[in-house]
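Enquirer: Here the working numbering is used: the first residue of the sequence shown is 1, the next is one more, and so on. Yeah, the Cβ is synthetic: ideal placement off N, Cα and C, and Gly gets one too.
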Amino acid sequence: MKKVIHIVGARPNFMKVAPIHRAISARTSLQQLVIHTGQHYDAKMSDVFFADLGLPPPEIHLGIGSGSHAEQTAKMMVEMERVFLKEKPDLVSVVGDVNSTIAAALVTSKLAIPLSHVEAGLRSFERHQPEEINRVVTDRLSDLLLTPSRDADANLLKEGIDPKYIHLVGNVMIDSLLSSKEKADQLPTLKTLGLTPKGYVVATLHRPSNVDNPKLLAGLLGVLMDVAKELPVVFPVHPRTRKMIAEQGLGPKLEQTPGLKLVDPMGYLEFLSVTSQAKLVMTDSGGLQEETTALNVPCLTMREQTERPITVEVGSNEVVGTDPARIREAANRVLSGDFKKGRVPELWDGRTGERIADLYSRFLGVEVKRAFG
């Protein structure tokens, strides 16, 4: 039996792998293994997502944990090589742009194991971002490049990738969103937090370029405190961000700000129940730019560039940079009712996992149980 290994490491990976795993189980006879690298090892950042998404517990957990980029990636490579040599996969499937992704790409290339990159072709064109390096190198080493949108296809073609390796499949994260929204809507999260639909803002900050710079972090947090004067702001605090807030001594001021609700990271369903009913989302997350576009919720991306321009060109996302004055102006505009109304991009239809399952079956010469309609 042909074998596919899925690599997960950070919480965005789980939402992308779950629909692929589910579709392969339903449509093919392929054997599947899930390897969790342990890049996110906090239960609130990891374990709860498996339950929320219906993804079986990983067959293999590498338990890598934190470390510098080099240290973390190197440890993953050592452990992955051992697993791959033992399991002899016919295909390794990676998603996104985290260290787990690039580690698997490097190991498969050395062992001559076919590699599929889901979310290929995304580019911010900012080489100082570790994620951008991960994307570019992983795409160069992949045998299957599965893209979420046509701009990603164009990026790969400009880089000289042979078109025969590029496959437009749509956005697999939206599969998870659409299949989970009804269940998320039934949760009492808003009532528990004392919120009403469209009567609050959701904010997230986690990118090192934002939170590791004390001046920048203070400015962004200042914006959130200002917005909280107008509407409650739900702020699930990433462990990295919480650490930097503590080091800068900003915790007491934030906690004493009326309307600013600092909460621990949420599970997938709980967070979806909050974001889907928000009046505005303010974030530096790539995944949230996509989810808000699918939900048609206004989103302000607090970064200078985005690797997901389709969310700006077609969706409800606006890139506002990191200047506090500019962000405040944009937030005030949205809260006053003046915001960009988007539409859902091509193939963000909840069936991307099925298209990927069919593609993997063809690539490995395995019969699909039922034809894709």
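Are there 16 or more other CB atoms within 10 angstroms of the CB of Arg355, so buried, or fewer, so exposed?
Expert: Its Cβ being crowded by 16 or more others within 10 Å, Arg355 is buried.
Enquirer: According to the neighbour-count rule (16 or more other Cβ atoms, all chains shown, within 10 Å of its Cβ), is Gly160 buried or exposed?
Expert: The residue is exposed, with fewer than 16 neighbouring Cβ atoms inside 10 Å.
Enquirer: On a CA-only basis, which of Val94, Leu168, Pro252, His69 is nearest Ala154? Give me that one, please.
Expert: Looking at the Cα atoms, Leu168 is the closest of the given residues.
Enquirer: Flag this pair as touching only if the region 91-102 and the region 6-25 have three or more C-beta atom pairs under 8 angstroms; answer yes or no.
Expert: Taking 8 angstroms as the limit for Cβ pairs, the verdict is that the region 6-25 does touch the region 91-102.
Enquirer: Please report the straight-line C-alpha distance between Thr89 and Val4, rounded to a whole angstrom.
Expert: Note that residue 89 corresponds to Pro in the displayed sequence, not to Thr. Distance between the alpha carbons of Pro89 and Val4: 6 angstroms.
Enquirer: According to DSSP, is Ala203 helix, strand or coil?
Expert: Strand at Ala203.
Enquirer: Who does His69 pair with in a DSSP beta bridge?
Expert: Beta-bridge pairing links His69 to no other residue.
Enquirer: Phe235 lies in the beta strand (DSSP E); which residues open and close that run?
Expert: It spans 233-236 - the beta strand (DSSP E) in which Phe235 sits, taken as one unbroken run.
Enquirer: Tell me which residues share the same chain as Val48 and place their Cβ nearer than 7 angstroms to its Cβ, disregarding the 5 neighbours each side in the sequence.
Expert: Taken in chain order, the residues that qualify are Gly267.
Enquirer: Residues bridged to Met282 by DSSP?
Expert: Answer is Ala203, Leu300, bridged to Met282.
Enquirer: So the beta strand (DSSP E) Ile35 belongs to, where does it begin and stop?
Expert: 31-36 is the span of the beta strand (DSSP E), which, as asked, contains Ile35.
Enquirer: Excluding five sequence neighbours on each side, which residues of the same chain lie with their C-beta closer than 7 angstroms to the C-beta of Trp348?
Expert: Here the set comprises Gly170, Asn171, Ile174, Ala294.
Enquirer: Which residues bound the alpha helix (DSSP H) around Leu141?
Expert: That run of the alpha helix (DSSP H) goes 130-141.
Enquirer: Does DSSP classify Arg25 as helix, strand or coil?
Expert: The identity of residue 25 in the sequence shown is Ser, whereas the question assumes Arg. Ser25 falls in the helix class under three-state DSSP.
Enquirer: Taking the alpha helix (DSSP H) that Asn155 falls in, what are its first and last residues?
Expert: Looking at the DSSP string, the run of the alpha helix (DSSP H) that includes Asn155 is 150-158.
Enquirer: With 16 other CB atoms within 10 Å as the buried threshold, where does Gly38 fall?
Expert: Looking at its Cβ environment, which holds 16 or more other Cβ atoms inside 10 Å, Gly38 is buried.
Enquirer: Buried or exposed: where does Gln256 fall if 16 or more other Cβ atoms within 10 Å of its Cβ makes it buried?
Expert: When all chains shown are included, Gln256 counts as exposed.
Enquirer: Would you decide whether Pro163 is buried or exposed? Buried here means 16 or more other CB atoms lie within 10 Å of its CB.
Expert: Exposed.
Enquirer: At the level of alpha carbons, what is the spacing between Glu414 and Ser316?
Expert: For the chain, the structure presents residues 1 to 373; residue 414 sits outside this window and is missing.
Enquirer: For a test of the three-state rule: what should DSSP assign to Pro214, helix, strand or coil?
Expert: Here Pro214 sits in helix by DSSP.
Enquirer: Report the residue from Leu262, Glu182, Val297, Thr301 whose alpha carbon sits nearest the alpha carbon of Ser124.
Expert: For Ser124, the nearest C-alpha among the options comes from Thr301.
Enquirer: Got a sec, what are the start and stop residues for the alpha helix (DSSP H) Leu359 sits in?
Expert: That run of the alpha helix (DSSP H) goes 352-364.
Enquirer: What are the boundary residues of the alpha helix (DSSP H) that Thr257 is part of?
Expert: Neither: Thr257 is in no alpha helix (DSSP H) and is coded neither H nor E.
Enquirer: Can you give me the C-alpha to C-alpha distance between Lys376 and Pro232, rounded to a whole angstrom?
Expert: Past the edges of the chain, shown from 1 to 373, lies residue 376, and the structure says nothing about it.
Enquirer: If you draw a straight line from the alpha carbon of Thr138 to that of Thr147, how long is it in whole angstroms?
Expert: Using only the alpha carbons, I get a separation of about 13 angstroms.
Enquirer: Between Ala105 and Leu141, how many whole angstroms is the CB-CB distance? I'm expecting something under 8 angstroms.
Expert: Yes, Ala105 and Leu141 are in contact; Cβ-Cβ is about 4 angstroms, under 8 angstroms.
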